[in-house]
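In my numbering, the protein residues as written are 1 to 240.
Ideal Cβ placement from N, Cα and C applies to all residues, glycine included.
Keep in mind the model is a prediction, meaning the values are calculated, not measured.
Notes follow the structure.
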């Protein structure tokens, strides 16, 4: 899933920094970078934009004023600014996130993950996203690694890290990420948290034994907290 984005900032250095971040992220497509909001409005009229990174304090038309003029409900906004005092107002216009300069790539990527979840859940031309062909990117050893969701069997939490187990790899992919953020990012139609330390791909569940999900030699426990939801899944998909 490619996300088409534009950048709006009257500061060249800020624009160049964000452009570098966009080019470092494989699933982002930079449609345009604008040094004012007026030009950005013209870009929006001519292109199908998914995401906007927008400064707030700009001449003629501020980022906040710009956000209120957008008629394309599909486009999501992430504000980028040097001033913290606009945070409350930004959430009143349903901004995805509010990043304070100087912006690190990790902050940029975190906000992008929030936006990606909303973008892919937005119906497009009367249809919903097909998660069978979807994927996520995770950061591992200073690289972004693409993981096809259809190949992801389960995820195991280990302190501040997550282990991603896929059908195509003998070793898991290790990433510095929280279970909570991943749980929010994955489509809950296909992925379920069954334990404090485990999220499973429901399409890959074939064997269940005494409240344990069996993946080869791995036995994943279903904890009491998540037992009811998992039981509903069993009742709907396994013959008694």
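Query, Result
"Given 8 Å, three or more beta-carbon pairs between the region 137 to 150 and the region 166 to 175", "yes"
"Residues near residue 35 by beta carbon distance below 6 Å, same chain, minus five either side", "10"
"Near the ligand HEM: residue 183 beta-carbon under 6 Å from a heavy atom", "As for the ligand HEM, it is missing from this structure, which has no ligand bound."
"contact_flag[the region 42 to 58, the region 157 to 166] where n(CB pairs < 8 Å) is 3 or more", "no"
"Residue 129 to residue 159 span [Cα, whole Å]", "Its pLDDT being 39, under 50, residue 129 is placed unreliably by the model, and the measurement read from it follows with that caveat. Cα to Cα, residue 129 sits roughly 32 Å from residue 159."
"Beta-carbon spacing of residue 16, residue 31 below 7 Å", "no"
"Where residue 32 falls: helix, strand or coil (DSSP)", "strand"
"Bridge partners - residue 179, DSSP secondary structure assignment", "Residue 179 is not bridged to any residue."
"Continuous alpha helix (DSSP H) assignments of at least 4 residues falling wholly in the region 171 to 230", "179 to 185"
"Opening and closing residue of the alpha helix (DSSP H) in which residue 83 lies", "Careful: residue 83 lies outside any alpha helix (DSSP H) and carries neither H nor E."
"C-alpha distance - residue 204 paired with residue 191, whole-angstrom precision", "10 Å"
"Own chain, CB closer than 6 Å to residue 173, minus 5 neighbours either side, in chain order", "140, 145 and 164"
"Residue 37 and residue 61 closer than 7 Å at C-beta", "yes"
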